[in-house]
Structures are given as structure tokens and as C-alpha cells.
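Number of protein chains: 2
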Amino acid sequence: MTAAAQTTTTTAPYDLGPAVELVSKEEGHRQPLAPEFVSLEDFSPLEVAYDFGKIRREDIEAGPRSIWRYKHLLPVPSNVEQHPNTDPGCTRLVRADNLAKALGVKRIWLKDDTGNPTHSFKDRVVAVALAAAREFGFKVLACPSTGNLANAVAAAAARAGWDSVVLVPSSLERAKVLMSAVYDGSLLAVDGNYDDVNRLATELAGEHEDWAFVNVNVRPYYSEGSKTLAFETAEQLGWRLPEQVVVPIASGSQLTKIDKGFNELTRTGLVEGSPYKIFGAQANGCSPVAEAFKNGRDMIQPVRPDTIARSLAIGAPADGPYVLDTVRRTGGAIEDVTDEEVVDGIRLLARTEGIFAETAGGVTVANAKKLIDTGQLDPDAETVLMITGDGLKTLDAVQDHVGPKATVKPTTDAVSEALGK
Amino acid sequence: MTAAAQTTTTTAPYDLGPAVELVSKEEGHRQPLAPEFVSLEDFSPLEVAYDFGKIRREDIEAGPRSIWRYKHLLPVPSNVEQHPNTDPGCTRLVRADNLAKALGVKRIWLKDDTGNPTHSFKDRVVAVALAAAREFGFKVLACPSTGNLANAVAAAAARAGWDSVVLVPSSLERAKVLMSAVYDGSLLAVDGNYDDVNRLATELAGEHEDWAFVNVNVRPYYSEGSKTLAFETAEQLGWRLPEQVVVPIASGSQLTKIDKGFNELTRTGLVEGSPYKIFGAQANGCSPVAEAFKNGRDMIQPVRPDTIARSLAIGAPADGPYVLDTVRRTGGAIEDVTDEEVVDGIRLLARTEGIFAETAGGVTVANAKKLIDTGQLDPDAETVLMITGDGLKTLDAVQDHVGPKATVKPTTDAVSEALGK
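Below, the structure is given as C-alpha cells:
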């Protein structure tokens, strides 16, 4: 790695910190850093390779209270924190004793990404994509999105003073549409599902070379942002790895990058290596990865999504095969749950820990329950659940299930009667 | 203070950290710490008095990343962080150069409380109220609310494993209703406006001695939580006070407590004292404090609220007279803006800084603009705007103003046509 890295560093015109080149995931072909996402050698996805050098815990701890404290582990310029960005990250890691008790396990931690600037983990990946895109000379930030990404891209572009082009399925939840539109970029509703919108974005990326589609042409950089979930979790646990992690699967990128993050922490000596299992969570209205896992297949059979967990409704998940690799290698599992269980998961989390998650969070909690009930998740091992988005964005999912106990006149008698006390 | 404090400390049965007694705001009558809110001597509100002792910056900086880092300045038990609570605070202080440029001023900072657990500053006051209520032996957390407080109380009670009784006007925004209900406490919709609901809560507090109404019978403790906005702002500025602050006014409590926070930082030597001006912001559909300020009156004339800024729609603001005192003493001013300006404020903030605030945030931004345009706010002095709640909770305010630029077929031609490029 070092020799190749030095060669590349000499010729590369970009400052992307420790990133030295792109490597194809299948056959390991190397190429210089650039806004490209597929290897023309083996047609597999490109991933960022690094020359990390010496990284010390103290330097990270002395850094900003955002993902930029990990800039020496990310493909971003060394002065990244000096440019306007949404500066996400450093969200809470909540010890969830009430939930653990309800599920009959020893210890659960919740990585609560509802506290990010636009209230989902997407702020992490978009912040990294914006930083890399700026270095590459782009001026427009774009994406196809199931909603959370749209919010994050539109907000980050506004803060940076960039134009944005955001494409969403026309059926998207009202909250996500309005929250994407309010930042005043170019929001387009597209007739079709997410896979249609994604295909359109890939075509547009070919036609508009000045548009940085965060999850298309700058995807190798973008996806590295998910590693910060792993970095923060380890640092917040006192610089150690958890034993079990449950991660929702949309494209599958987040799950594989959490694994990559744990590996890099170990490789750089920031944590002592220790075994961990990564579990995947899907809704069974869109569970192509869970299906492949359960049937022992290596290939993903695309599906037409039909679930209330719309932020996970990717029927042809790009990183599905890598998710299968990661989960099998670490000894985890992948499950899926019904929409009813998703709602139960949202309500269980809210009732026990006071955290209101979006449907993706319900998927994670419900799958954790199922994995425990079926003996796939060790109740005596410590488990981290990734709560990646906010309940305010998916109110439709709960509106028929929760509400006021009663509507009363403004008198104490009316209150006593309504509450039976 | 010290002598009285020692006497009180000896006899008081409660551990509320540096808090030693309650003092009436009008005539300074003292009484022991208890869940009481009005002085029976002069019928004025009770406020917490302290014996702070020596507090060092290093101890605060070494504390948790939540309001509990300031526990030695709050009426909470010394082991407060060991009990389940939502642990809010340490939200971002964002340097808003784009907004400053748009408004024609030198430097603006945004205290962005949308990052709190339930996405408003109310998590701060509720966390302190819960901690004090626990020490007093309560087991039920209750409130009347315009919405944000309902969310915060219901979430905090769930996390603590307490029952909650939350009373909201039946006209409340859907998002705030659902977000209050999901935590599975006792949510009641009340036929009436906030002032009716508030009156009902005061009656109920008299009947149910085991209910801690956070903003009624434990209000003296609750309201101290707003000081943490001042503490964090000063610490995030590098342990100094800002020159100008713009604060939205509902009951008026937050504004007066930010002033109290700055005073306490100065008094304890944590910052060097320096002059600052506090400005108040209202919507003109509910502007009784702005009216009194502009007319040079000391008394507040209650109004019947009619504004989209429902979280500020308190027609008879309890702390109104104290707001007038604070603003006049510091050399600030109080303005009010139209509902149209509120929406413009929300959109301006989103477009320039990528932050989506609720109507209260729109009120703050729009008033800042008005205060600048009318020469009341010094464009060369540094200004902090308090962004106290989240746009996802008040979508109705923007829904007729923002949306997709177009709905298109999934083709590149359709996109080009829609965007004109």
C-alpha cells in the first residue's frame, strides 16, 4: 500500500487527506482519485484507499464536535472544517436500559442520529460528499433520494452556497418533500419509484459533468461518511468495539461501511481489535438482502418495494452482495419484519427510551427483537442499534396508532373522568 | 447570601446542588426549597437562589456533553447525570455568514436547538424539572403545552419510566400531537386556547399533589434550564458573552433566564463581565410584550392570540413584566412581525444556512431583520439568534409557500425541460 500510495500522492492533483487512490471492489484495480464510481477494468464499484499514517486518540479527542474530528480517516481535505458544511455527527450514544429490559437482554446502546442537522445519518455522508466535491471543483450538489438524503443534500448545498438538484419519487412523504423544498434548491418530483429515480440520476450524471450526484459519481467518497457511525460508537464506548450491531439495510452501504470503520480503527491501533457481529435489518415489503441471506445465495434478486419503511425501499440494493459478505464473515444474520412490527418497533422505542424514530428505526428495533426472540442475537452480549432517522418525517406510519387519549372540556372534572383518576 | 445559605442547607431535606432556597421576585422573601411557585408573602413568582462556591471552566469542560456539564449552576442533584433523563443541550452554535451577509451585518451566530432530543429548547427546561421533581419525590410529569413542551415532557417521562399527563389545545399541529402521543403517556386534547389549558393545569396542580407540572408547581426549577442556552453560548464563543442576543418571547421566561445565565457566569468569574443587549421577538398576532415595550408601559395587556407561531401564542405571558425590565436594563428592544414575515424568516434561514426552523425561529429571524432595518440592532456588533425549535413540527406554515419545482417523467429530457438546462 505505501509504495503505491506514494506514487499516487505525487501525481494526484487533489487534497483529500489520507485518501490516496480508488480501488475496485472485485479485483482490486487501482486508479487515481477522481469523481468516478465504477471500475472500467472489472465494472465493480470503486472504493477509497488510504495511507493513514499515525493517528492518535488525543488528536481526535481534541478535534471539533462533529465528524471532522475523524478527518484523518476520511477522504476530505485537511482544512475541511474551514469550509461551510452542516458539520454533522457526534450524536448521542444512549444507554437503553428500559429497552434492554423489555427485550430481555443485558445491554443495549442506541446510536441516535435523529440529532443530526436534518435529523438522519444522511448528513454524515453528504457532508463528506460535499467536501470531496468541492475539492473536485463541482458547484452543484445533486441526488436521487427516498427523502432523508434529499433533506441532507438540499440543506448542505444551501449552507455551502451551492445550487442543488434533488430528485425524489412523487409519492414521497409530505414532511420529506417540504423539508427538501424549503432550502430553495431545485427539487423535482419524479413519477416512479426510487429505483426509477436512481436510474434517471445515473443518466443525468453522464450528461451533466458539473453536477456532483452525491450517491452516484462521488459515491466512493460519500459512502465513507458512514464510517463515522463506527468511529463515534467506538469512541463513545471508551475506544472499544461493541460485540453486536444491528444496522438497517437500504442500499446496504451503511452496513458495509460500519464494518470498514471498525476495521480501520483496529488497523490504525485506535482500538484493540475484538470480535464483533454485524446484523442487517429489512422490512419484508423490501427484503431482497434478507431473502438472499436466508436462502444461502450470493446474488440479490431485485424486488418491487411495498413497505411503509420508504427510506429503506430500495428494491435493487447496490451493496447487497457486500452486505452478505460482511454479515457472513462477522457471524451475524439478516432478518426482516412486517410493517405492523415496524410500527410496534417505533412505539416500543418511544415508550421505553423517549426517542421517536422514523420507520427505518422501527425496522431496526423490530428486527433486534426478532433476532433476540429467535436466538440469533446473543442476549448476554452488548448490542448497538443504529437509529438513523427521525419520526417526525414519517408521521403517516403512526397516525392511525397513536393520538390523544381524549378530547376534553377545560375543567378538572373532565380531566378526572378522561383519566379515571 | 452565604449565612442564609448555610442555615438553609442545614435544614433543607433536598439535594438540589447549589440551590439553597426560593426567593420571591418582587420583595425578595425567602423560603426553603420546595415544589412551590408563588410567594405567599407578596404573591410574586418564586425563583431559585444559589450558593455557587468555586466553579472552574476546566471542570465544566471535563463534564458530559449535555446540560449536566453545568450542573453546579443548576437546581439539580449532584449525581443528576446518573438518573435516566433525555440529557439535552450542547447543541450547535453555528456561524451564519450567509445570513449575516443577507441581513447586512458583520457577524451572526445561531444557537440551533433543533438538535435537542425532541428538537426544541424545551428539552432543557424539562430535563431540569424532571431532575428536581425526582428529588421532591414526584412520580408523574405533567404540563400544559403549545406543543414543544408536550413533546419534551412525554419523551422525558418515558425515558425516566414515569407516567405523564400532557394537556394541549385541541387545535394543535398534527406533528406535535403525534410526537406527544407516541411516547404512550396520557395525552389529553383540551377544547380551548393555550391560556385556557394553562389555567386548567394550575387547577389540576392544586388537586393532584403527586403530579409535577413542570411549568406550574416546579416552575422555579424548570425555568432555570433556559440558563443553559446562555452557558453554552458563552462557552462556545470561547468563554465570553456576546454583544447582542435576539430571543423569541412566549411566556418570556427564556429571555429573562438567558440574562440570568449571563449574570451568573460573570458573578462566578467564569467569564469576564461585558455589556450585552437582549432583544425580544414576537409575532404581531400575539405581541403583548412588544406592545407594552413600544408604549413605554410596565404592565402587559393580555391578548387573544392569532398567529401561525403557535408555540409563542401565549396571550397572558407570565414573565412579561420581567422581560420588559431585562430588555430595558440591557438597552435592547422588542419588536413584532407579521405571519408573512415569519414565513419569510423561516425561508431565509433555510436558504442561507441550511437550517429548517419552526415558526418561532422564523419569528426570531424576521425580528432580527426588522431590528437591523430599523437601526435598533447594531450591524457592527456580534449577534446571537436563538433558534429554539424545528421546522418539521410546523409544516403547515410553509406548505403553501414551498414545494417541488415540477413533477416530471423519469427521463433526462423531462428534467432538462423542467430546469431549463
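Chains A and B are the protein sequences, given in the same order. Its first residue numbered 1, the first sequence is counted upward by one per residue in the UniProt record's numbering. Its first residue numbered 1, the second sequence is counted upward by one per residue in the UniProt record's numbering. Beta carbons: idealized from backbone N, C-alpha and C, even for Gly.
* **Helix, strand or coil at residue 138 of chain A according to DSSP, with G and I counted as helix** => What you label residue 138 of chain A is simply residue 138 of the first sequence in a count that begins at 1. Three-state result, residue 138 of chain A: coil.
* Mind checking the stretch 295 to 306 of chain A against chain B and listing, in chain order, the residues whose C-beta falls within less than 8 Å of any C-beta there? => none
* residue 207 of chain A beta carbon less than 7 Å from that of residue 412 of chain B -> Taking the first residue of the second sequence as 1, we reach residue 412 of chain B at position 412. Taking the first residue of the first sequence as 1, we reach residue 207 of chain A at position 207. Contact: yes.
* In terms of alpha-carbon separation, which member of B/157, B/185, B/231 and B/150 lies closest to residue 198 of chain B? -> Residue 198 of chain B sits at position 198 when you count from the first residue of the second sequence. If we check each option's Cα against that of residue 198 of chain B, B/150 comes out closest.
* CB-CB length for residue 185 of chain B against residue 170 of chain B, believed under 8 Å -> The residue labelled residue 185 of chain B in the question sits at position 185 within the second sequence. The residue labelled residue 170 of chain B in the question sits at position 170 within the second sequence. 17 Å between Cβ atoms; not a contact.
* Under a three-way DSSP split, which group does residue 407 of chain B fall into? -> Locating residue 407 of chain B in the second sequence gives position 407, where the first residue counts as 1. If DSSP states are grouped into helix, strand and coil, residue 407 of chain B belongs with the strands.
* residue 25 of chain B, DSSP secondary structure in three states -> Taking the second sequence and counting its residues from 1, one reaches residue 25 of chain B at position 25. If DSSP states are grouped into helix, strand and coil, residue 25 of chain B belongs with coil.
* **Helix, strand or coil at residue 386 of chain B [DSSP, three-state]** => Numbered from its first residue, the second sequence carries residue 386 of chain B at position 386. In the structure shown, residue 386 of chain B sits in a strand (DSSP, three-state: E or B).
* Candidates B/404, B/377, B/338 and B/278: which alpha carbon is nearest residue 322 of chain B's? -> Here residue 322 of chain B corresponds to residue number 322 of the second sequence, with the count starting at 1. For residue 322 of chain B, the closest alpha carbon among the candidates B/404, B/377, B/338 and B/278 is that of B/278.
* Asked: Does DSSP put residue 133 of chain B in a helix, a strand or coil?
  -> As a working note, residue 133 of chain B is residue 133 in the second sequence. Three-state result, residue 133 of chain B: helix.
* Every unbroken beta strand (DSSP E) inside the stretch 181 to 248 of chain B [3 residues or more] -> 186 to 190, 211 to 213 and 244 to 248
* Along the beta strand (DSSP E) that carries residue 337 of chain B, what are the first and last residues, could you check? => In the second sequence, counting from the first residue as 1, residue 337 of chain B sits at position 337. Per DSSP, the continuous beta strand (DSSP E) segment holding residue 337 of chain B begins and ends at 334 to 337.
* To do: Measure the alpha-carbon distance for residue 304 of chain A versus residue 315 of chain A and round it to whole angstroms.
  => Position 304 of the first sequence, counted from the start, is the residue given in the question as residue 304 of chain A. Position 315 of the first sequence, counted from the start, is the residue given in the question as residue 315 of chain A. C-alpha separation (whole angstroms): 5 Å.
* Of all the options A/81, A/420 and A/224, which has the alpha carbon lying nearest to the alpha carbon of residue 63 of chain A? -> Working through the first sequence from its first residue, we reach residue 63 of chain A at position 63. Its Cα nearest to that of residue 63 of chain A, the residue A/81 stands out among A/81, A/420 and A/224.
* Given a limit of 9 Å on CB to CB distance, which residues of the stretch 405 to 416 of chain A reach chain B? -> 405, 406, 407, 408, 409, 410, 411, 412, 414, 415 and 416
* For the stretch 289 to 302 of chain A against the stretch 206 to 222 of chain A, are there 3 or more C-beta pairs whose distance is under 8 Å? -> No contact exists between the stretch 289 to 302 of chain A and the stretch 206 to 222 of chain A.
* Beta-carbon contacts of residue 366 of chain B that lie in its chain and below 7 Å, excluding the five residues immediately before and after -> Within the second sequence, the letter at position 366 stands for residue 366 of chain B. The answer, listed in chain order, is 337, 341, 342, 344 and 345.
* Using a cut-off of 7 Å between C-beta atoms, extract the partners of residue 207 of chain A located in chain B. => The sequence position of residue 207 of chain A within the first sequence is 207, counting from 1. Chain B residues near residue 207 of chain A: 412.
* Asked: Counting Cβ pairs closer than 8 Å, one from the stretch 366 to 378 of chain B and one from the stretch 263 to 272 of chain B, do we hit at least three?
  -> no
* CB contact below 7 Å: residue 58 of chain A versus chain B -> Sequence index remark: in the first sequence, residue 58 of chain A carries index 58 (1-based). No, its Cβ sits nowhere closer than 7 Å to a Cβ of chain B.
* **Same chain only: Cβ atoms within 6 Å of residue 352 of chain A, ignoring 5 sequence neighbours per side** => For the purposes of this step, residue 352 of chain A is taken as the residue at position 352 of the first sequence. Hits under 6 Å: 98, 99 and 102.
* Asked: Which residues in chain B sit within 8 Å of residue 353 of chain A, going by Cβ to Cβ distance?
  -> As a working note, residue 353 of chain A is residue 353 in the first sequence. Those are 158 and 159, listed as they occur along chain B.
* Nonlocal neighbours in the same chain, by C-beta distance under 7 Å from residue 418 of chain A, ignoring five residues either side -> Taking the first sequence and counting its residues from 1, one reaches residue 418 of chain A at position 418. So the list reads 405, 406 and 408, once near-sequence residues are dropped.
* Name the chain B residues whose beta carbon is nearer than 7 Å to that of residue 181 of chain A? -> For the purposes of this step, residue 181 of chain A is taken as the residue at position 181 of the first sequence. Correct list: 402, 403 and 404.
* **Entirely enclosed beta strand (DSSP E) segments - the stretch 33 to 66 of chain B, minimum 3 residues** => 46 to 50
* Boundaries (first-last residue) of the beta strand (DSSP E) holding residue 279 of chain A -> In the first sequence, the residue the question calls residue 279 of chain A occupies position 279. Where residue 279 of chain A is concerned, the enclosing beta strand (DSSP E) stretches over 277 to 283.
* To do: Kindly confirm or deny that the stretch 105 to 121 of chain B and the stretch 113 to 121 of chain A touch, where touching means at least three C-beta pairs closer than 8 Å.
  => yes
* To do: For residue 167 of chain A, name the three-state secondary structure that DSSP assigns.
  => Indexing the first sequence from 1 puts residue 167 of chain A at position 167. Note: residue 167 of chain A maps to strand in three-state DSSP.
* Asked: Along the chain, where does the alpha helix (DSSP H) that runs through residue 372 of chain B open and close?
  -> Indexing the second sequence from 1 puts residue 372 of chain B at position 372. Where residue 372 of chain B is concerned, the enclosing alpha helix (DSSP H) stretches over 359 to 373.
* **Paired residues, beta bridge with residue 120 of chain B - DSSP** => Position 120 of the second sequence holds residue 120 of chain B. Paired residue(s): B/389.
* Residues near residue 11 of chain A by beta carbon distance below 8 Å, same chain, minus five either side -> Taking the first sequence and counting its residues from 1, one reaches residue 11 of chain A at position 11. Model confidence at residue 11 of chain A stands at a pLDDT of 45, short of 50, so the residue's coordinates are unreliable; what they give is reported in the following sentence. Counting only Cβ-Cβ distances below 8 Å, and skipping sequence neighbours, we find 32.
* Asked: Does the beta carbon of residue 237 of chain A sit closer than 7 Å to a beta carbon anywhere in chain B?
  -> What you label residue 237 of chain A is simply residue 237 of the first sequence in a count that begins at 1. For residue 237 of chain A, the nearest beta carbon of chain B is not closer than 7 Å to its own beta carbon.
* Residue-chain proximity (residue 418 of chain B, chain A), Cβ-Cβ < 7 Å -> Position 418 of the second sequence holds residue 418 of chain B. Cβ-Cβ to chain A under 7 Å: yes for residue 418 of chain B.
* To do: Return the residues of the stretch 358 to 382 of chain B that lie within a Cβ-Cβ distance of less than 7 Å from chain A, sorted by chain order.
  => So nothing in the stretch comes that close.
* To do: Determine, using beta carbons only, whether residue 339 of chain B comes closer than 7 Å to chain A.
  => Taking the second sequence and counting its residues from 1, one reaches residue 339 of chain B at position 339. No, its Cβ sits nowhere closer than 7 Å to a Cβ of chain A.
* To do: Determine the closest residue to residue 111 of chain A out of A/327, A/302 and A/96, with distance taken between C-alpha atoms.
  => By 1-based counting over the first sequence, the position of residue 111 of chain A is 111. Checking every option, the nearest Cα to that of residue 111 of chain A belongs to A/96.
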